[in-house]
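Below is one structure; the comments refer to it alone.
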Amino acid sequence: RKEVEQDPGPFNVPEGATVAFNCTYSNSASQSFFWYRQDCRKEPKLLMSVYSSGNEDGRFTAQLNRASQYISLLIRDSKLSDSATYLCVCPLISSGSARQLTFGSGTQLTVLP
Amino acid sequence: DGGITQSPKYLFRKEGQNVTLSCEQNLNHDAMYWYRQDPGQGLRLIYYSQIVNDFQKGDIAEGYSVSREKKESFPLTVTSAQKNPTAFYLCASSPLQGALDTEAFFGQGTRLTVV
Numbered sequence: 358r359k360e361v362e363q364d365p366g367p368f369n370v371p372e373g374a375t376v377a378f379n380c381t382y383s384n385s386a387s388q389s390f391f392w393y394r395q396d397c398r399k400e401p402k403l404l405m406s407v408y409s410s411g412n413e414d415g416r417f418t419a420q421l422n423r424a425s426q427y428i429s430l431l432i433r434d435s436k437l438s439d440s441a442t443y444l445c446v447c448p449l450i451s452s453g454s455a456r457q458l459t460f461g462s463g464t465q466l467t468v469l470p
Numbered sequence: 045d046g047g048i049t050q051s052p053k054y055l056f057r058k059e060g061q062n063v064t065l066s067c068e069q070n071l072n073h074d075a076m077y078w079y080r081q082d083p084g085q086g087l088r089l090i091y092y093s094q095i096v097n098d099f100q101k102g103d104i105a106e107g108y109s110v111s112r113e114k115k116e117s118f119p120l121t122v123t124s125a126q127k128n129p130t131a132f133y134l135c136a137s138s139p140l141q142g143a144l145d146t147e148a149f150f151g152q153g154t155r156l157t158v159v
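Those protein sequence lines, which keep their order, are chains A and B. Numbering of the first sequence is given in the working numbering, commencing with residue 358 and proceeding in unit increments. Numbering of the second sequence is given in the working numbering, commencing with residue 45 and proceeding in unit increments.
What follows is the structure, encoded as C-alpha cells:
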C-alpha cells in the first residue's frame, strides 16, 4: 500500500458545483497534513494546512479523520480558476527522526463553464 | 524578499553527462527536499536533508547525488547513471518546529531535458 493515496480523478465539474477529494495515509503517527494546489507546469503552492479535525478558508474546507486515516478537501461554488491539480501531503517520520514530506499522486480538477 | 530559488529554469543535457541543479533559500529553513515530477504524475522524493552535512535518500535516489555544505544551499547532481533524467525537478524547504510539521515552500522548478 502506498503511504499516501488520492482519488484517481480526473474530476470535471460545472461552475458552481461542489466537489470533494479524499486522501488516505498509512502512517498513524502523522500529526499534520497539507493540501497543495499545482497549476500546469508550475510549482505546488500551499492551499490549506490541517492540524486538528479540520480547517475552513472561504469556499475550501479540509477535514481530518484520524480513526479512518484520511483527509478530505471540499470545494464549494467551484470557479473556473479552481482548475488545477490538488496534492495532499503527509509528513512522515523516518529513521533518526528525520521528516520526509510524502505527496500523493494528485487529483486533477477541471471546472467547466 | 525571502524565498527559495532554483536555477536554471530550463536545462538541456547530453546523454552521459552529469549536471547540477541549484537550489538556494534565504528563509533560514532547516529542512530541504528534492522532488522529481514526470508528466501527469505526482511528486517523488529524491533526497532530503534536515541539517548541514547530513541528508537521507528518498524513494528514487539512484542516479542522483546531493550535498548540504551550507544551510542555504542543497544542490542536486543528476549523474550519467540516471537512465531517464528528463523530468521537472522541484526543490523545497521547510522550517522544523518541534513535533509540529510545517508546510514546505517550493522553488519554481528546473525542467531538465536530455538531448
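A virtual CB, placed ideally from N, CA and C, is assigned to each residue, including glycine. Since we're looking at a predicted model, the values are computed, not measured.
| query | result |
| --- | --- |
| Amino acids of chain A, ordered along the chain, whose beta-carbon sits closer than 7 Å to that of alanine 148 of chain B | Leu458 |
| Cα-Cα separation, isoleucine 104 of chain B to aspartate 364 of chain A | 23 Å |
| Under 9 Å (Cβ pairs) to chain B, residues found in the region 395-420 of chain A | Gln395, Arg398, Lys399, Glu400, Pro401, Lys402, Leu403, Ser406, Tyr408 |
| Backbone CA spacing between alanine 386 of chain A and leucine 89 of chain B [nearest angstrom] | 20 Å |
| The region 64-86 of chain B: positions lying closer than 9 Å to chain A by Cβ | Ala75, Tyr77, Tyr79, Gln81, Gly84, Gln85, Gly86 |
| Min CB distance serine 462 of chain A to chain B below 8 Å | yes |
| Whole-angstrom distance between proline 129 of chain B and threonine 123 of chain B, CA atom to CA atom | 9 Å |
| Within-8 Å CB hit, leucine 444 of chain A to chain D | Looking at the structure shown, chain D is missing, and the protein chains on hand are A and B. |
| Residues that DSSP places opposite glutamate 362 of chain A in a beta bridge | A:Thr381 |
| Own chain residues within Cβ distance below 6 Å of serine 117 of chain B, not counting five before or after | Glu68 |
| Residues, ordered as in the chain, of the region 105-128 of chain B that lie near chain A by beta-carbon distance below 8 Å | none |
| Buried or exposed (CB count within 10 angstroms, at least 16 for buried), cysteine 397 of chain A | exposed |
| Closer than 8 Å at the beta carbon, the chain A residues around leucine 134 of chain B | Glu400, Pro401 |
| Residues that phenylalanine 391 of chain A contacts on chain B, provided the C-beta gap is smaller than 7 Å | Glu147 |
| Residue environment, arginine 433 of chain A, which counts as buried when at least 16 other CB atoms sit within 10 Å | exposed |
| Selected residue, minimal CA-CA separation from glycine 153 of chain B, among A:Leu421, A:Ala441, A:Pro401, A:Arg394 | A:Pro401 |
| Contact check, leucine 431 of chain A vs threonine 418 of chain A, beta carbons under 8 Å | yes |
| Every unbroken alpha helix (DSSP H) inside the region 45-123 of chain B [4 residues or more] | none |
| Closer than 8 Å to chain A by CB, glutamine 152 of chain B | yes |
| Coarse secondary structure for leucine 437 of chain A, derived from DSSP in three states | helix |
| Pick from B:Gly151, B:Tyr133, B:Trp78, B:Ala148 that is closest to arginine 112 of chain B, judged by C-alpha positions | B:Trp78 |
| C-alpha gap between alanine 47 of chain B and asparagine 70 of chain B, whole angstroms | Correcting the residue identity first, residue 47 of chain B is glycine in this sequence and not alanine. Taking the straight line from one Cα to the other gives about 6 Å. |
| Chain-ordered neighbours of glycine 102 of chain B on chain A, where CB pairs are closer than 7 Å | Gln457 |
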